[in-house]
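Chemist:
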Amino acid sequence: MAVQPASGVGKYKPQAPKLRSFNDQREKFFVGQDTPRDYLERCLEVIEGCNDDVKAWAYLNTDKARQMADLSTKRYADGKPLSLIDGMPIGIKDLIETFDMPTEYNCELFKGNQPIRDAASVYFLRQGGAVLLGKTVTVTLGGGDPSMTRNPYDLQRTPGGSSSGTCAAVGAGMIPGGLGTHARGSTIRPASFCGNYGLKATFGALNRQGGFSAAETMDHLGILAGSIEDMWIMARYISSTAGGDPGHPGLYGGSLPPISKKPERLIVLETAGWNETDDASKEAFNCAVSKLSDAGCEIYTRNDDPAIEAYETETAHSPELWRQLYRFEMRFPMYQYLDYDSDKIPPRLKAGIQEGAGLTQAEYRSALARRVYWREMHDAIARRCDAMITLSSPGPGPIGKDQGSAIFNEASSIIGMPAISLPVLAVEDMPLGMQIMGRVHCDEALTAVGSWISKDLLQ
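Residues 5 to 463 (this note's numbering) are what the sequence shown spells out, left to right.
(1) Between the Cα of Asp149 and the Cα atoms of Gly226, Asp298, Ser168, which residue gives the shortest distance?
(2) In whole angstroms, what is the alpha-carbon distance linking Asp74 and Phe103?
(3) Since Pro240 and Tyr330 are thought to touch, with beta carbons under 8 Å apart, how far apart are those beta carbons, to the nearest angstrom?
(4) Select from Thr144, Ala124, Trp378 the residue whose C-alpha is nearest the C-alpha of Leu325.
(5) With a threshold of 16 other CB atoms inside 10 Å of the CB of Val143, please say whether the residue is buried or exposed.
(6) Let me check understanding here. Comparing Cα to Cα, which of Thr319, Leu395, Cys198, Arg46 lies closest to Val376?
(7) Would you mind sorting Gly454 into buried or exposed? The rule is 16 or more other CB atoms within 10 Å of its CB.
(8) For Lys459, tell me which candidate among Leu426, Arg443, Ile440 has the shortest Cα-Cα distance.
(9) Identify, in the order they occur along the chain, each residue of the same chain with its Cβ nearer than 8 Å to the Cβ of Arg374, setting aside the five sequence neighbours on each side.
(10) Looking at Ser166 and Gly138, is the spacing between their C-beta atoms short of 8 Å?
(11) Considering Lys354, what are the terminal residues of the alpha helix (DSSP H) in which it resides?
(12) Start and end of the beta strand (DSSP E) containing Tyr304?
(13) Counting beta carbon pairs with one atom in the segment 385 to 400 and one in the segment 270 to 285, are three or more of them shorter than 8 Å?
(14) How many Å lie between Leu450 and Ala415 at the Cα?
(15) Buried or exposed for Gln131, please, with buried defined as at least 16 other CB atoms from any protein chain shown within 10 angstroms of its CB.
(16) Alpha carbon to alpha carbon, how far is Ala284 from Val431?
(17) Comparing alpha-carbon positions, which option in Asn55, Phe34, Val50, Phe216 lies nearest Pro85?
(18) Restricting to Cα atoms, I'd like to know which of Ile271, Phe197, Ala288 is closest to Arg443.
(19) By DSSP, does Ser76 sit in helix, in strand, or in coil?
(20) If you compare alpha carbons, which of Leu48, Gly181, Ser125, Gly420 is closest to Phe26?
(21) Following the continuous alpha helix (DSSP H) through Trp326, name the residue where it begins and the one where it ends.
(22) Would Thr153 and Gly404 be called neighbours here (beta carbons separated by less than 8 Å)?
(23) With 16 other CB atoms within 10 Å as the buried threshold, where does Lys97 fall?
(24) Is Thr162 helix, strand or coil when you go by DSSP?
(25) Figure out for me which residue from Ala423, Leu99, Asp390 has the closest Cα to the Cα of Gly214.
(26) In chain order, what residues of the same chain lie with their CB nearer than 6 Å to the CB of Met5, ignoring the 5 residues before and after it?
(27) Out of Glu333, Ser409, Leu296, which one is the CA nearest neighbour of Leu372?
(28) Helix, strand or coil: how does DSSP classify Tyr63 here?
(29) Between which residues of its own chain and Glu287 is the CB-CB distance below 8 Å, once the five residues before and five after are set aside?
(30) Tell me which residues share the same chain as Ala229 and place their Cβ nearer than 7 Å to its Cβ, disregarding the 5 neighbours each side in the sequence.
(31) Which two residues bound the contiguous alpha helix (DSSP H) that contains Ala246?
(32) Looking at the strands, I want to know which residues DSSP matches up with Asn307.
(33) Indicate the three-state DSSP secondary structure (helix, strand or coil) for Thr140 in the structure shown.
(34) Select from Asp57, Glu31, Asn55, Ala361 the residue whose C-alpha is nearest the C-alpha of Leu88.
(35) Could you pull the start and end residues of the beta strand (DSSP E) that Pro435 belongs to?
(36) Here's a check: name, in chain order, each residue in its chain whose Cβ is nearer than 7 Å to the Cβ of Ala452, leaving out the five neighbours to either side.
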């Protein structure tokens with residue numbers, strides 16, 4: 005039996021679901037038409053109704069969350085909220101440290117692990133009055149083995165990974181937003197499967213200190229939300245307080261969501277994933293591209309420009325380059341965990357760790373040099389358009405527990421460009437995301453384009 009998300013729909017239609025939005029409700033807190041505590045209770049009601057089926061949460065901190073919501077309610081009554089996210093219920097992926105909740109990484113090695121600190125993002129969300137509702141399920145150490153979480157629109161299907169719990173919680177209407185992580189496709193892919201807005205910001209733009217990382221040069225803090233406004237507000241707040249990763253300038257832009265902007269020129273990319281994509285998903289995507297063209301957007305493809313063709317040809321090798329980078333970088337701490345107790349590392353993750361054993365430093369150096377070339381190609385192409393568009397995944401979440409393919413996400417993870425999954429397509433009555441990508445550090449402009457596509461055109 006399919007779980008009914010908060011919008012009351014079972015089968016997914018992009019125009020119908022209205023998942024939880026915090027930003028839309030916030031003004032009512034000032035005048036007493038609603039309160040953060042009442043908002044939280046509505047979230048808890050949905051959790052009570054469907055989490056036994058969806059299994060999105062690794063740990064719920066309900067009593068503490070109610071205390072946080074009560075404090076936030078008083079601040080709004082006094083006209084003194086701490087920030088734009090004051091009172092917002094948020095789920096934290098269980099790869100991210102929390103001082104008052106266990107952080108177990110869905111790994112037997114870390115059963116009962118209780119950090120003494122918050123991750124940087126969590127610390128500043130807490131300081132801004134966010135209601136930290138609990139820890140969401142992830143796959144083991146962010147690796148390849150599936151989690152117990154199910155897709156809220158069809159319990160037989162995967163929600164994706166590794167930010168499965170956060171995306172399922174947002175997709176089911178349990179929360180307006182939450183934190184994920186992303187080193188391959190762990191934000192964009194499950195956002196596609198669960199009908200979320202998902203942001204993988206420019207690499208380094210959001211501080212990931214205190215989060216588990218297996219690939220230091222590709223890991224991102226991911227933002228998942230039921231509205232594009234909440235997505236931006238969360239991301240910009242984290243960067244404005246915690247900054248970006250050390251050595252990075254952080255996320256540029258204003259604290260409020262950017263105004264929708266119609267793109268003049270879009271580049272459509274097939275990427276390495278097109279040959280894996282089913283016909284129905286190709287048709288849904290091509291129909292959306294036609295709507296963009298009919299609305300007056302100039303559309304360019306590999307057939308229109310040799311430079312785009314060269315970019316497509318080069319980035320078609322993303323699975324190979326991603327593996328070289330990721331498998332080499334994951335050696336620490338993964339080798340140590342294998343040495344400590346290999347029986348507590350699940351089989352697919354174990355195989356991935358062992359796959360990297362044969363990589364040499366020379367191969368890794370070659371991969372780094374190739375990435376520099378990709379970044380230069382990307383910057384040159386991205387300057388020619390308002391956004392690049394493609395699919396977020398080769399189709400809707402597949403039946404079964406397998407996380408599904410992340411092939412549409414590998415190039416953006418390698419390059420470090422901003423990418424957003426927009427919940428604007430449907431195949432087999434299931435969500436399918438359109439992915440938009442832009443120039444490095446132009447996340448705000450990309451969000452403005454995403455707002456126009458998702459709200460002014462395709463809705």
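From the three backbone atoms N, C-alpha and C, an ideal C-beta is built for every residue, glycine too.
Modeler: The answer reads as follows:
(1) Your numbering for residue 149 matches position 145 in the sequence shown. The option with the nearest alpha carbon to Asp149 is Ser168.
(2) Position 70 of the sequence shown, counting from 1, holds the residue named residue 74. Position 99 of the sequence shown, counting from 1, holds the residue named residue 103. Approximately 20 Å between the Cα atoms of the pair.
(3) In the sequence shown, the residue the question calls residue 240 occupies position 236. In the sequence shown, the residue the question calls residue 330 occupies position 326. Rather than Pro, the amino acid found at residue 240 in this sequence is Arg. With a Cβ gap of about 28 Å, Arg240 and Tyr330 do not count as contacting.
(4) Against the sequence shown, residue 325 aligns to sequence position 321. Checking every option, the nearest Cα to that of Leu325 belongs to Trp378.
(5) Counting from 1 along the sequence shown, the entry for residue 143 is found at position 139. With 16 or more Cβ atoms within 10 Å of its Cβ, Val143 is classed as buried.
(6) Walking along the sequence shown from the start, residue 376 turns up at place 372. Nearest to Val376 by alpha-carbon distance, out of Thr319, Leu395, Cys198, Arg46, is Thr319.
(7) One-based indexing of the sequence shown puts residue 454 at position 450. By the neighbour-count rule (16 or more Cβ atoms within 10 Å), Gly454 is buried.
(8) By one-based count along the sequence shown, residue 459 stands at place 455. Taking the Cα of Lys459 as reference, the smallest distance to any Cα among Leu426, Arg443, Ile440 is reached at Leu426.
(9) Numbered from 1 along the sequence shown, position 370 holds the residue referred to as residue 374. Excluding sequence neighbours, Arg374 sits near Leu325.
(10) Translated into the one-based positions of the sequence shown, residue 138 becomes position 134. Translated into the one-based positions of the sequence shown, residue 166 becomes position 162. No, the Cβ-Cβ distance between Gly138 and Ser166 is not below 8 Å.
(11) The sequence position of residue 354 within the sequence shown is 350, counting from 1. Segment 351 to 359, the alpha helix (DSSP H) holding Lys354.
(12) As a working mapping, residue 304 is identified with position 300 in the sequence shown. Taken as a continuous stretch (DSSP letters only), the beta strand (DSSP E) holding Tyr304 covers 302 to 304.
(13) The count of Cβ pairs closer than 8 Å, one atom from the segment 270 to 285 and one from the segment 385 to 400, reaches three, so the stretches are in contact.
(14) Your numbering for residue 450 matches position 446 in the sequence shown. Your numbering for residue 415 matches position 411 in the sequence shown. Cα to Cα, the separation comes out at about 17 Å.
(15) Position 127 of the sequence shown holds residue 131. Gln131 should be labelled exposed.
(16) As a first step, residue 284 must be located in the sequence shown, where it is residue number 280. As a first step, residue 431 must be located in the sequence shown, where it is residue number 427. The alpha-carbon atoms of Ala284 and Val431 are separated by roughly 7 Å.
(17) If you number the sequence shown from 1, residue 85 lands on position 81. The shortest C-alpha separation from Pro85 is found at Phe34.
(18) Working through the sequence shown from its first residue, we reach residue 443 at position 439. Cα-wise, what sits closest to Arg443 is Ile271.
(19) If you number the sequence shown from 1, residue 76 lands on position 72. Residue state for Ser76 is assigned as helix, using DSSP reduced to three classes.
(20) Here residue 26 is taken as the residue at index 22 of the sequence shown, counted from 1. Comparing alpha carbon positions, the residue from Leu48, Gly181, Ser125, Gly420 closest to Phe26 is Gly181.
(21) Within the sequence shown, the letter at position 322 stands for residue 326. Here the alpha helix (DSSP H) through Trp326 covers 322 to 333.
(22) As a first step, residue 153 must be located in the sequence shown, where it is residue number 149. As a first step, residue 404 must be located in the sequence shown, where it is residue number 400. Result no, Cβ atoms of Thr153 and Gly404 do not sit closer than 8 Å.
(23) As a working note, residue 97 is residue 93 in the sequence shown. A residue is called buried when at least 16 other Cβ atoms come within 10 angstroms of its Cβ; Lys97 meets this threshold and is buried.
(24) Indexing the sequence shown from 1 puts residue 162 at position 158. Three-state DSSP puts Thr162 in coil, outside helix and strand.
(25) Counted from its first residue, the sequence shown places residue 214 at position 210. Nearest option by C-alpha distance: Leu99.
(26) Locating residue 5 in the sequence shown gives position 1, where the first residue counts as 1. At Met5 the pLDDT is 30, less than 50, meaning the model places this residue with poor confidence; the figure from the coordinates comes in the next sentence. The beta carbon of Met5 lies closer than 6 Å to none in the same chain, with the five residues before and after it left out.
(27) Numbered from 1 along the sequence shown, position 368 holds the residue referred to as residue 372. Cα-wise, what sits closest to Leu372 is Glu333.
(28) In the sequence shown, residue 63 corresponds to position 59, counting from 1. In this structure, Tyr63 counts as strand in the three-state DSSP scheme.
(29) What you label residue 287 is simply residue 283 of the sequence shown in a count that begins at 1. Excluding positions up to five away in sequence, the list is empty.
(30) Position 225 of the sequence shown holds residue 229. Excluding residues within five positions, the ones whose Cβ falls inside 7 Å are Val174, Pro180, Gly181, Asn200, Tyr201, Met235, Met238.
(31) By one-based count along the sequence shown, residue 246 stands at place 242. Per DSSP, Ala246 is one residue of the alpha helix (DSSP H) stretching across 232 to 246.
(32) In the sequence shown, counting from the first residue as 1, residue 307 sits at position 303. Beta-bridge pairing links Asn307 to no other residue.
(33) For the purposes of this step, residue 140 is identified with residue 136 of the sequence shown, where counting begins at 1. In the structure shown, Thr140 sits in a strand (DSSP, three-state: E or B).
(34) Along the sequence shown, one-based indexing puts residue 88 at 84. Cα-wise, what sits closest to Leu88 is Glu31.
(35) One-based indexing of the sequence shown puts residue 435 at position 431. Counting along the chain, the beta strand (DSSP E) containing Pro435 begins and ends at 434 to 441.
(36) Numbered from its first residue, the sequence shown carries residue 452 at position 448. Taking Ala452 as the centre and dropping the five residues before and after it, the same chain places the C-beta of Pro262, Ile263, Ser264, Lys265 closer than 7 Å to its C-beta, in chain order.
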